[in-house]
Amino acid sequence: MELELVSILIPVYNRVSLVGETIESAINQTYKNIEIIIVDNCSTDGTWDLLKYYAEQDRRIRIFKNNENIGPVRNWKRCLDKAKGKYSKILWSDDTIDKNFIEKTITKFDDNTAFVMTGFLLFDSEAIVKRSFFQVNTVIDKNIYFNNILFDNKQQFPVSPGNAIFRTIDLMTAYTESTEIKELKYDFLKSGAGTDLFFFLLTAQKYNNIRCHNEILSFYRMHTNSISETNRLEILYSYEICKISFILNYKPELLSIKKSDILLKSINLKHLRNLTDLIDTKYSLIYILKKVWKKLQLNSQS
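Take the sequence shown: its letters are residues 1433 to 1734, numbered as in this note's numbering.
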């Protein structure tokens, strides 16, 4: 029986020093019926020449270059537009996956499963920063997932889909729906951070559960130019706005709980202000919560 085609999507901008390792991890997959779609968002650092080299070496690699920089989110859409596979794996241009990632996740899909995740490692140039544990629960009811990811996230589910594989049609649908959400007057196309969480949320709400493969097969890199390390306050704010927008549109019964959650966090964090070792993280979060709280109040008055 012929294997289903899987698309590995790599949006890239100015990653000449990192994207080679990312591409190698895609090329080396044990699951062979793959295509590797790479869209260069008008890089200026030699990335395109590197992509051409890889495309010449492996016919499964298809490369495209934008005439101008269209921003990270629209570049994701370009990747999706080029995908021919039934399933798609978004692979950020500074991350890698284990050679068994596709083979070990693709078999876990069924009619009730929204997407499949693996465990992940977050690392920098010196050490492992974080190791995930949520994946030990191999089948997770979507309501349990929502009650975590939308609030305190005690199970520490990732907010960005670098460790997951989806049906391509679900990614396309989630992208379209996320760009149509306007209640909080927030432009989700301007930043990749926050918007990427919609892939998880909007897909999960269509199915009964999500599945996990209980191995660490995804590897996230922290570095000074990564989207996860720049403008940290605005990134946190974007994710909170994403969560609230999802609740308003799909889970309105959770709105009062979310308001209480934000208010309680604000009160608790103010109480901790005098602890100097927490100022950098906790005080900054107060700023984020105030902005989100203001958005909630304005929305309830409109």
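We put the beta carbon where it would ideally sit given N, CA and C, even for glycine.
For this session: Please list, in chain order, all residues of the same chain as V1448 whose beta carbon is under 6 Å from its beta carbon, the five residues on each side excluded.
Result: Here V1448 has D1477, G1478, T1479 and L1482 as same chain residues with Cβ atoms under 6 Å from its own Cβ, once five neighbours each way along the sequence are excluded.
Exercise. Does DSSP put C1644 in a helix, in a strand, or in coil?
Worked result: Here C1644 sits in strand by DSSP.
Problem set entry | Span of the beta strand (DSSP E), counted from its first residue to its last, around S1439 | S1439 -> beta strand (DSSP E) spans V1438 to V1444.
Problem set entry | Separation of T1454 from D1556, as counted between CA atoms | Cα to Cα, D1556 sits roughly 15 Å from T1454.
Problem set entry | Cβ shell of L1707 (< 7 Å), same chain only, five flanking positions each side left out | Per-residue confidence for L1707 stands at a pLDDT of 42, beneath the threshold of 50, marking its modelled position as unreliable; no derived number is given.
For this session: May I have the straight-line CA-CA distance separating Q1588 from F1566, to the nearest angstrom?
Result: Near 7 Å, if we compare the C-alpha coordinates of F1566 and Q1588.
For this session: Return the CA-CA distance between F1533 and V1548, expressed in angstroms with no decimal places.
Result: Approximately 10 Å between the Cα atoms of the pair.
For this session: Note down the Cα distance separating R1492 from I1468, rounded to an integer number of angstroms.
Result: If you take the alpha carbons of R1492 and I1468, they lie about 6 Å apart.
For this session: Less than 8 Å between the CB atoms is what I'm expecting for I1466 and S1650, so what's the real figure, rounded?
Result: I1466 to S1650, Cβ: 16 Å. No contact.
Problem set entry | Given R1653 as reference, the closest of Y1671, F1583, R1563 and T1635 once Cα atoms are compared | Ranking Y1671, F1583, R1563 and T1635 by Cα distance to R1653 puts R1563 first.
For this session: Specify the secondary structure class of T1462 as computed by DSSP and reduced to three states.
Result: Coil at T1462, not helix or strand.
Exercise. So what's R1563 in DSSP terms, helix, strand or just coil?
Worked result: In the three-state scheme derived from DSSP, where H, G and I count as helix and E and B as strand, R1563 is classed as strand.
Exercise. Can you tell me the Cα-Cα spacing of I1514 and V1471, whole angstroms?
Worked result: According to the sequence shown, residue 1514 is Lys rather than Ile. Cα to Cα, the separation comes out at about 9 Å.
Exercise. How many angstroms separate the CA atom of T1600 from the CA atom of N1681?
Worked result: So the two alpha carbons sit approximately 23 Å from each other.
Problem set entry | Distance, N1585 Cα to L1441 Cα | Take the alpha-carbon of L1441 and the one of N1585: they are about 27 Å apart.
For this session: Answer yes or no: do I1538 and V1438 have a C-beta to C-beta separation smaller than 8 Å?
Result: The Cβ atoms of I1538 and V1438 sit closer than 8 Å to each other.
Exercise. Expressed to the nearest angstrom, what Euclidean distance is found between the alpha-carbon atoms of K1690 and K1509?
Worked result: If I take the Cα positions, the gap works out to 30 Å.
Problem set entry | Per-residue DSSP class, three states only, for Y1485 | In the structure shown, Y1485 sits in a helix (DSSP, three-state: H, G or I).
For this session: Taking only the alpha-carbon atoms, compute the straight-line gap between L1450 and T1550 and give it to the nearest angstrom.
Result: About 22 Å.
For this session: Please state if the CB of W1524 and the CB of G1594 are separated by a distance shorter than 8 Å.
Result: Yes, Cβ-Cβ distance for G1594 and W1524 is below 8 Å.
For this session: With a threshold of 7 Å, establish whether the CB of R1653 neighbours any heavy atom of the ligand SAM.
Result: This structure does not include the ligand SAM; it has no bound ligands of any sort.
Problem set entry | Option nearest Y1486 by Cα separation, candidates L1695, G1452, D1543 and L1621 | A check of alpha carbon separations from Y1486 across L1695, G1452, D1543 and L1621 identifies G1452 as the nearest.
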